[in-house]
Each structure stands twice: as structure tokens, then as C-alpha cells.
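Reading through the C-alpha cells given below for one structure.
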Amino acid sequence: MARRSACPLPASAPHSVSGAQDSVAIARRVLSIEADALAFLAENLPEDFAAAVSAILDSPGRVIVSGIGKSGHIGRKIAATLSSTGTPSYFVHATEASHGDLGMIGAGDVCILISNSGETTELRDIVYHTQRFSIPMIGISSKAHSTLMKAANYRLTLPDHIEACPIGMAPTTSTTLSLALGDALAVALMERRGFVAEDFGIYHPGGKLGAQMRSVADLMHGGEAIPILSEDDTMATVLLTMTSKGFGVGVVMKDGVITGIITDGDLRRNMEGLMGRTAMDIANTDPLVVAPDCLAPEALAVMNARKVNVVIVAGADMKPQGVLHLHDLLRAGVV
Numbered sequence: 003m004a005r006r007s008a009c010p011l012p013a014s015a016p017h018s019v020s021g022a023q024d025s026v027a028i029a030r031r032v033l034s035i036e037a038d039a040l041a042f043l044a045e046n047l048p049e050d051f052a053a054a055v056s057a058i059l060d061s062p063g064r065v066i067v068s069g070i071g072k073s074g075h076i077g078r079k080i081a082a083t084l085s086s087t088g089t090p091s092y093f094v095h096a097t098e099a100s101h102g103d104l105g106m107i108g109a110g111d112v113c114i115l116i117s118n119s120g121e122t123t124e125l126r127d128i129v130y131h132t133q134r135f136s137i138p139m140i141g142i143s144s145k146a147h148s149t150l151m152k153a154a155n156y157r158l159t160l161p162d163h164i165e166a167c168p169i170g171m172a173p174t175t176s177t178t179l180s181l182a183l184g185d186a187l188a189v190a191l192m193e194r195r196g197f198v199a200e201d202f203g204i205y206h207p208g209g210k211l212g213a214q215m216r217s218v219a220d221l222m223h224g225g226e227a228i229p230i231l232s233e234d235d236t237m238a239t240v241l242l243t244m245t246s247k248g249f250g251v252g253v254v255m256k257d258g259v260i261t262g263i264i265t266d267g268d269l270r271r272n273m274e275g276l277m278g279r280t281a282m283d284i285a286n287t288d289p290l291v292v293a294p295d296c297l298a299p300e301a302l303a304v305m306n307a308r309k310v311n312v313v314i315v316a317g318a319d320m321k322p323q324g325v326l327h328l329h330d331l332l333r334a335g336v337v
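Numbering (our numbering), first residue to last: 3 to 337.
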């Protein structure tokens, strides 16, 4: 026989339309509170923000981020964003730092320490370490006169707005502000460094982002795979080459330079007397060509606009470097 709990849980109240409306109203209130705080931060950016960006740019080392609790979670995301946008960074757990991980923080680094109250005791040893070895320290806190901010070389003081939770204690508004300020730092740094889409692709080789950042050169078929034809090749050679290479096109050349392209459609449009013609007789002398450094999504857009399945890859000298098929882009996840 099942044993009844001495403290049974209260029966769940049935869901109601009014309850759903209350949930929507709560969500709007939370988002409004946080949006107002972000708008205020944008208009009242910490005075040391530009100096903090310059300090990181001037640093020969890495950016070390640390915090405890919710600030730690935010710190991990800030470190990840910095690393993926051209500023080498990693997160050091404040407690682990006191047990040997301080060795990860060295001369030439910059520390970003996050604590909404500015009185997080677990950060004490990292603060002492930065002072002992003259490591620049950036503090993020909503308490301008806290212990952390007094010790910081650069003070990124957040507006002391109310938390969005009804009891005013769960980190909500404060963590949103910290995260947004971290994003602002990362974007300011990437723009100051001249970080571009191609650089972003280097740090994001996997998944959809990786596919979007890959270049045509990464996906094309080059070398012996290119269906090369001479202008005076017979139609028998044209058919054999196009069939054996499997792209449904032939790249017509003269003196090592592209002069035209033959597609399956060109063959069908010239069926009458076809076998008595040469490659150049039926070639399209205005072939679609993309550069090898063209990003894959850009190549896809060009192919869609021209309604073709294959493009020739070549440099400004019009010497073929490869061919790219629509299926290559789809297999790579480019959409």
C-alpha cells in the first residue's frame, strides 16, 4: 500500500484564460523594465568604457573574465563572445583561481571582474593578484563605491535599476545590463581591430555559421575535375568531357583563358547539325564567373539570380581555378 506524504502537494489550479493574460502582462512588465534599463545605459555609458577598450587593445595577452553565480554565467558568455570576435579570452572560476588557477592570469593580460554588489568575497584573491602583478583590471558592478570598483583600474558602473523580479532580488535587470555591456565591449573591439566576416568564419568552422562563412574556394572542384575544352574541340570531345566530369558543363578556353561555357541546355538548343560543330560554335561567350574568395551565400545568390546550377571559379585573369555546383552549396548547409 502506498504511503501518503505527511505534507501532500496542493492540487494544481486549472489553467485559465485570465491566468494566461496575467502571464503575458508579467512578461511585458519584465521586458519593459529591462528595456528601460538598457536604454538608460546606452545614454549613460560608463565613463571608463573607451579607456577599457583601449586597455584591451593595447594588451599583448588575453582577457580573463571572472565572476560568481549569475555573474559567472554572464562572464562565461562574455569571454566566449570576445574569443569568437577576435579578442582571445577565457573564463576563470573565482574559487578555482584561489586553488591554483591564478597561474592562468599573467603579465600582459587584462581582467574583467563582474559582481553586481561589488562585494563578492570569492573575487578577492584575483583582485590581489592583479594588484600584485600590475595586471589591468576592469570592474563591472552597479555599486560605484564598492570594494571591487575602488580596486578597479577601469570602472564600468552599471545603472542601479530595480530587478525585474517582484521581490527585487533575483538577478534579472542587472545580469541583462552586464551581458549587454559585454556585447558592447566585444563589438567595439572587433570594429577597432577591423574584424570582418572572413575572420569570423575562421572561428566558426562548424554548423550553419561555418557554412555561411565558407568561401567558394572551400567548396569548389579544382584541378583535373574541371571540364576543360578547347575552342576547336569536336562535339564528340565535348560530349565525352562533359559526361565524364559530371557537372553538365564544359569550360571553353583559349591560351589558358576562359572564353566560354557550354551547358546541357546549349547542347539541346543546337541539336540540328550538332555533331558537325566545334565547341566554340555553340558556347556561351559570357559565362558566369565568381571569384574564389567569394563567400558561399553570395555565390548562391548569384546562381539563383541567373537560374544556373554551375558557376566557373576564376580570378581576374580569367584562368579557371574550379567549378562550383549548386549541390555543393546545399551539401555544405548554405541556404
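Positions of the beta carbon are idealized from the N, C-alpha and C atoms, including for glycine.
Residues of its chain near residue i, where Cβ-Cβ distance is below 8 Å and the 5 sequence neighbours each way are ignored
| i | result |
| --- | --- |
| ALA57 | VAL112, PRO138, ILE140, ASN155 and TYR156 |
| LYS321 | GLY258, VAL259 and ILE260 |
Cβ neighbours of residue i in the same chain (closer than 6 Å, five flanking residues each side left out)
| i | result |
| --- | --- |
| THR287 | GLY262 |
| GLY252 | PRO229, LEU231, VAL240, THR243, MET244 and ILE264 |
| PRO294 | VAL218, ALA219, VAL315 and GLN323 |
| ILE80 | VAL67 and GLY184 |
| HIS223 | GLY324 and VAL325 |
| THR280 | ASP234 |
Residue i burial status per 10 Å Cβ neighbour count (16 or more: buried)
| i | result |
| --- | --- |
| VAL338 | Given that the chain is displayed from residue 3 to residue 337, the structure contains no residue 338 and the question cannot be resolved. |
| ALA237 | The amino acid at residue 237 is misidentified as Ala; the sequence shows Met. MET237 comes out buried. |
| THR123 | exposed |
| VAL259 | exposed |
| HIS101 | exposed |
| HIS327 | buried |
| HIS329 | exposed |
| PRO62 | exposed |
| ARG64 | buried |
| ALA118 | Note that residue 118 corresponds to Asn in the displayed sequence, not to Ala. So ASN118 ends up on the buried side. |
| LEU11 | Note on LEU11: pLDDT 47, under 50, position unreliable in the model; the coordinate value appears next. By the 10 Å Cβ count, LEU11 comes out exposed. |
| PRO289 | buried |
| ILE28 | exposed |
| ARG216 | buried |
Beta-carbon proximity of residue i to residue j, cut-off 7 Å
| i | j | result |
| --- | --- | --- |
| ASP127 | ALA99 | yes |
| VAL336 | PRO299 | yes |
| MET91 | GLY120 | Checking the sequence, you will find Ser at residue 91 rather than Met. Their beta carbons are not under 7 Å apart, which means SER91 does not touch GLY120 by this criterion. |
| LEU302 | LEU331 | yes |
| GLY88 | GLY77 | no |
| LEU115 | LEU104 | no |
| VAL310 | VAL292 | no |
For residue j and residue i, the rounded distance between their alpha carbons
| i | j | result |
| --- | --- | --- |
| SER73 | LEU187 | 16 Å |
| LEU150 | ALA109 | 20 Å |
| PRO173 | THR159 | 16 Å |
| VAL94 | GLY250 | 55 Å |
| GLU49 | LEU43 | 11 Å |
| MET106 | ASP257 | 59 Å |
| VAL189 | MET171 | 30 Å |
| ALA334 | SER86 | 21 Å |
| GLU193 | ALA52 | 13 Å |
| ASP319 | LEU276 | 31 Å |
| VAL26 | PRO168 | 15 Å |
| VAL32 | THR178 | 11 Å |
| LEU47 | ARG134 | 29 Å |
| ARG75 | TYR130 | The amino acid occupying residue 75 in the given sequence is His; Arg does not appear at that position. Cα to Cα, the separation comes out at about 22 Å. |
| ASP317 | GLU274 | The residue you asked about is not Asp; residue 317 is Gly in the sequence shown. So the alpha carbons of these two residues sit roughly 35 Å apart. |
| VAL55 | ARG308 | 45 Å |
Contact set for residue i: own chain, Cβ-Cβ below 7 Å, skip 5 residues either direction
| i | result |
| --- | --- |
| THR175 | ILE35, GLU36, ALA39, HIS163, ILE164, GLU165 and ALA166 |
| THR132 | CYS113 and MET139 |
Entirely within the stretch 85-111 and at least 3 residues each: give me those beta strand (DSSP E) ranges in chain order.
91-93
Which runs of the alpha helix (DSSP H) at least 4 residues long sit entirely within the stretch 251-316? Give them in chain order.
266-271, 281-284 and 298-308
Mind pulling the alpha helix (DSSP H) runs of 4 or more residues that sit fully within the stretch 143-192?
List check, alpha helix (DSSP H) in window: 149-153.
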